[in-house]
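Numbering (my numbering), first residue to last: 7 to 137.
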């Protein structure tokens with residue numbers, strides 16, 4: 007994943023990557039909170055850059071295992087949703103990414119279970135703990 011970060015740094019500010027990108031093994035989480043439409047637009051642009059970089063590195067993206075969790079309100083958000091998403095026959099909304107025509111499902115919430123196992127050295131012995 008270091009190659010991915012190297013590939014992204016010319017296009018996305020390093021501080022943004024450090025704040026909004028989390029990589030777990032082969033999973034990538036992009037997390038943002040938007041206060042206005044310009045922040046949302048910039049985040050989606052960066053999201054497209056991240057997906058393009060993943061594809062350039064010939065890594066596989068599985069739209070069926072991917073989702074964009076979004077919540078919003080107000081006329082700006084509704085306008086953005088109408089112009090940047092599509093709806094299928096079952097009324098599921100998808101974020102449509104312009105460069106590759108990938109359709110990633112939009113969700114309002116999601117439950118993720120994650121474990122963290124940091125290593126700590128204490129008196130020359132390694133301890134492992136999780137939460």
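Every residue gets a Cβ at the ideal spot worked out from N, C-alpha and C, and that includes glycine.
Query, Result
"Assigned exposure category for residue 93 - 16 Cβ within 10 Å defines buried", "exposed"
"Alpha-carbon to alpha-carbon, residue 8 and residue 97", "38 Å"
"Cβ pair residue 1, residue 40 closer than 9 Å", "Nothing can be reported for residue 1, as the shown portion of the chain is limited to 7 through 137."
"Delimiting residues of the beta strand (DSSP E) encompassing residue 157", "Any answer about residue 157 is impossible in this case: the structure gives the chain only from 7 up to 137."
"Exposure of residue 56, with buried meaning 16 or more beta-carbon neighbours within 10 Å", "buried"
"Cβ contact check for the stretch 75 to 95 and the stretch 22 to 29: 3 or more pairs under 8 Å", "no"
"Limits of the unbroken alpha helix (DSSP H) element including residue 50", "43 to 62"
"Reduced DSSP secondary structure (H/G/I, E/B, other) of residue 113", "strand"
"Cβ pair residue 10, residue 59 closer than 9 Å", "yes"
"Close Cβ partners of residue 100 (< 8 Å) along its chain, the five nearest in sequence each way excluded", "91, 92, 93, 94, 109, 110, 111 and 112"
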